[in-house]
Amino acid sequence: MALTDLEAKEITTLGPDPHKKTILAVDDDASVLQSLEIILQDKYQLIKKEKADDALRIVQERRDLDLIILDYRLGETDGVTLYRRIRQIDRVVPILFTSAYGTKELLTQLLDVRANGFIDKPWNLDQLEQKIARLLSSDPFERVHRNLKIDFDHLSLKMRRAVQYIDRHYSSPELSLEEIGQAVSLHPKYLSASFKKECGVGFHDYLTAIRIDRAIQLLKDPHRTIKEISCEVGFSEQGYFSKVFLSKMGKSPSDYRTQFQSK
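Position 205 of the sequence shown, counting from 1, maps to 205 under full-length UniProt numbering, and the rest follow consecutively.
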């Protein structure tokens with residue numbers, strides 16, 4: 001049965017699908033945004049913006065964004081400047097940088113500002129989808145939460161945001177209660193007590209568990225050095241990382257890798 005003009009209009013003006021996660025894509029190249037829409041439209045609700053100010057307005061108005069895909073080079077500003085402005089509004093939403101100029105200096109700069117990820121243009125579609133899926137995972141450290149008996153769905157809103165902040169920024173050696181407290185608008189002492197009460201484990205123990213869990217996954221890649229892994233999971237010194245890993249896993253990182261590879 002054919003649709004009337006009114007029925008067709010109603011269908012095309014329906015609001016966003018509440019079951020789809022929302023991604024804000026910011027790129028001054030309209031063709032790139034169009035490509036993203038083609039790739040992502042079946043799985044995600046996509047908001048496309050070409051200008052930094054328009055993107056900031058969306059971040060300010062919509063506090064339900066699940067991910068931001070941000071081009072490093074925008075027409076009127078650079079992506080890192082926009083990143084910092086976004087972080088003044090929302091310190092939790094993950095931000096995935098993309099650029100056709102993936103130099104070592106750029107990667108260092110993105111690490112300095114604690115970006116959540118980076119992918120080169122032109123995209124490898126499998127890598128793009130994997131990175132997006134990882135950043136959008138409602139519980140990226142489900143195994144840790146299960147082992148520590150943390151019921152994420154029953155935490156208060158601010159504790160959920162605190163856990164999410166740790167899960168997304170564990171790779172920063174400077175991550176602290178003060179930083180997380182600022183992100184979720186709680187005094188560090190109150191945050192520490194509330195975290196322990198609701199999660200059943202202290203902040204530092206939880207952070208260590210997350211870092212070791214991630215290190216275990218990275219050790220499965222034989223091309224990564226122990227030093228690289230220690231830096232990637234938030235340890236500034238390889239020796240201290242190995243000491244903590246040994247205390248938690250009963251074997252050194254290199255022994256763990258050898259055991260895994262022999263299976």
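Where a beta carbon is used, it is the ideal one built from N, C-alpha and C, also for glycine.
Remember, predicted model here, so these are calculated numbers, not experimental data.
Per DSSP, leucine 70 is one residue of the beta strand (DSSP E) stretching across 67–71. Glycine 117: member of the beta strand (DSSP E) spanning 117–120, first to last residue. For serine 99, the enclosing beta strand (DSSP E) stretches over residues 95–99. Less than 8 angstroms separates the beta-carbon of phenylalanine 260 from that of leucine 219. Annotated as proximal: leucine 46 and alanine 25, with beta-carbon spacing under 8 angstroms.
In the DSSP assignment, leucine 177 forms no beta bridge with any residue. DSSP lists Gln45 as the beta-bridge partner residues of threonine 22. Taking phenylalanine 141 as the centre and dropping the five residues before and after it, the same chain places the C-beta of Asp167, Ile210, Asp213 closer than 7 angstroms to its C-beta, in chain order.
DSSP places aspartate 255 in the helix class (H, G or I) of the three-state scheme.
The stretch 123–192 is shown to contain whole alpha helix (DSSP H) runs of 4 or more residues at 125–136, 142–147, 157–169, 177–184, in chain order.
Shown here for glutamate 232: same chain residues with a beta carbon closer than 7 angstroms to its own, the five before and five after excluded, namely Ser171, Leu218 in chain order.
At least 8 angstroms separates the beta-carbon of leucine 136 from that of glycine 117. Going by DSSP, lysine 248 is part of the alpha helix (DSSP H) stretching over 238–249.
In the DSSP assignment, aspartate 78 forms a beta bridge with Arg73.
One Cα belongs to aspartate 153, the other to isoleucine 132, and the distance between them is close to 22 angstroms.
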